Amino acid sequence: MTGPSRAAAAPPAGEVIVDWYATAARDLPWRTPGVDPWAVLVSEVMLQQTPVARVEPVWRSWMARWPAPADLAAAPPAEVIRAWGKLGYPRRALRLREAAAAIAERHGGVVPDDVAALEALPGIGAYTARAVACFGYGQRQPVVDTNVRRVVARLVHGRAEAGNARATDLADIAALAPEDDARAVRFSVAVMELGALVCIAGTPRCAACPVRDRCAWRLAGYPAHDGPRRRVQQFAGTDRQVRGRLLDVLRAADAPVTAAALATTWDDAVQRSRCLDSLLTDGLVEQTADGLFRLPTGDVDQVT
DNA sequence: GAGGCGTGGCT
DNA sequence: TAGCCAAGCCT
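Heads up, the first sequence is in the UniProt record's numbering, so the first residue is 1 and it goes up one at a time.
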């Protein structure tokens, strides 16, 4: 059928999402055109499980202090842990420093541009490797994070929530990407942004969604999630809370502290000891020759 | 492959 | 209020 009553075919969802991004994207410093891939890598590691608002100020000071991988690799671990501040999961800070050392030593100080080499770096997994290749090097890459999996689950599969990561995730998102390479690169960040700002986990803002007219979940009447509830992580009383308190004391201390000082953080001595041991094992804490505790100095004559 | 691993804002 | 949730990685 032809004629003016027939609307032109709607543009593909991927194209619509790229155009939406041009008008709706947040202005984030690591998205500055021409930004150094190292700066992108640092941002991506900081953003693992951590909100943008908390990352931004830390990222700024971090990049000013350690603008290149070799700078970070040369820094004492204690300073790196302190600079990480309260971003959480501080093992990420140590792994980022280790990744910086690997880049400096094995890659001539240049962040590798291929996914396999990136994934071989400490703390860099499937998501972060592709994010660096795509956002840092402008490569056409499918980039799948929790936002992308949620958008695909709703828009394509008509499900309220994404299940666990699947082998088909990369193909799912690649199928939506625009043909033009430059637009496909923007699409990768645009889908994440859509998931972060509009197609959010709690109450999705469908009225603001550029592809609501073709969303399978919306067209199916918003069927509820039918799988098992994702169990929410406990925090109060866990080792994670205790480790956090121990590290909080050590970050604030300007000299090695006694075991007695650490004992004020948590009453249960068994749990406290277990957590201190795990921090020593992780390399987040070291013990001095006289039995005191501090953040790791990186000195070669340290006693552990 | 399920569970461990921080922290704090939001509803 | 008390979960829920946030650009994952590693074992």
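All residues carry an ideal CB built from backbone N, CA and C; glycine is no exception.
From a predicted model like this one, the values you see are computed outputs, not experimental measurements.
Cβ-Cβ separation, residue j to residue i (assumed contact under 8 Å), whole Å
{"i": "Tyr89", "j": "Asp113", "result": "About 26 Å; that fails the 8 Å criterion."}
{"i": "Val55", "j": "Met63", "result": "Val55 to Met63, Cβ: 12 Å. No contact."}
{"i": "Thr265", "j": "Arg245", "result": "4 Å"}
{"i": "Val198", "j": "Ile173", "result": "17 Å between Cβ atoms; not a contact."}
{"i": "Arg140", "j": "Val185", "result": "6 Å"}
{"i": "Gln48", "j": "Arg92", "result": "6 Å"}
Local Cβ density within 10 Å of residue i, reported as buried at 16 or more and exposed below that
{"i": "Phe187", "result": "buried"}
{"i": "Phe293", "result": "buried"}
{"i": "Ala129", "result": "buried"}
{"i": "Gly123", "result": "buried"}
{"i": "Ala175", "result": "exposed"}
{"i": "Asp299", "result": "exposed"}
{"i": "Ala162", "result": "buried"}
{"i": "Gly205", "result": "In the sequence under discussion, the amino acid at residue 205 is Arg, which differs from the Gly named in the question. Classification for Arg205: exposed."}
{"i": "Pro178", "result": "buried"}
{"i": "Glu105", "result": "exposed"}
{"i": "Ala220", "result": "exposed"}
{"i": "Ala289", "result": "exposed"}
{"i": "Ile103", "result": "buried"}
{"i": "Ala8", "result": "exposed"}
{"i": "Val111", "result": "buried"}
{"i": "Arg149", "result": "buried"}
{"i": "Val232", "result": "exposed"}
Residue i, DSSP secondary structure in three states
{"i": "Phe135", "result": "helix"}
{"i": "Arg154", "result": "helix"}
{"i": "Arg149", "result": "helix"}
{"i": "Val42", "result": "helix"}
{"i": "Met1", "result": "At Met1, the pLDDT of 42 sits below 50, so the modelled position is not reliable; the number obtained from the coordinates is stated separately. Coil, per DSSP."}
{"i": "Phe235", "result": "coil"}
{"i": "Val80", "result": "helix"}
{"i": "Leu87", "result": "coil"}
{"i": "Tyr222", "result": "coil"}
{"i": "Ile173", "result": "helix"}
{"i": "Gly109", "result": "coil"}
{"i": "Ala99", "result": "helix"}
{"i": "Thr203", "result": "coil"}
{"i": "Gly298", "result": "coil"}
{"i": "Ala160", "result": "coil"}
{"i": "Cys215", "result": "coil"}
{"i": "Leu276", "result": "helix"}
{"i": "Val303", "result": "Legend: pLDDT at Val303 = 49, less than 50; position of this residue unreliable, value from coordinates given subsequently. In this structure, Val303 counts as coil in the three-state DSSP scheme."}
{"i": "Ile17", "result": "helix"}
{"i": "Asp248", "result": "helix"}
{"i": "Val191", "result": "helix"}
{"i": "Gln271", "result": "helix"}
{"i": "Asp180", "result": "coil"}
Beta-carbon contacts of residue i that lie in its chain and below 8 Å, excluding the five residues immediately before and after
{"i": "Arg214", "result": "Ala10, Ala13, Leu155"}
{"i": "Phe235", "result": "Gln241"}
{"i": "Gly283", "result": "Pro77, Leu94, Pro296"}
{"i": "Leu170", "result": "Pro142, Val144"}
{"i": "Gln271", "result": "Asp239, Val242"}
{"i": "Gly227", "result": "Glu161, Gly163"}
{"i": "Val115", "result": "Ala129, Arg130, Ala133, Gln141"}
{"i": "Ala269", "result": "Ala263"}
Cutoff 7 Å; reference residue i; Cβ partners in own chain excluding five residues on either side
{"i": "Arg60", "result": "Pro29"}
{"i": "Gly85", "result": "Val58"}
{"i": "Pro210", "result": "Val16, Ile17, Trp20"}
{"i": "Ala68", "result": "Trp38, Gly109"}
{"i": "Gly34", "result": "none"}
{"i": "Asp181", "result": "Arg140"}
{"i": "Val249", "result": "Val257, Ala261, Leu262, Thr265"}
Beta-ladder partner(s) of residue i, from DSSP
{"i": "Gln287", "result": "Phe293"}
{"i": "Val257", "result": "Phe293"}
Same chain only: Cβ atoms within 6 Å of residue i, ignoring 5 sequence neighbours per side
{"i": "Ala196", "result": "Asn147"}
{"i": "Ala131", "result": "Glu44, Val143"}
{"i": "Ala190", "result": "Ile17, Val18, Tyr21"}
{"i": "Trp217", "result": "Arg154, Gly158"}
{"i": "Leu72", "result": "Trp66, Arg97, Ala100"}
{"i": "Tyr127", "result": "Asp145"}
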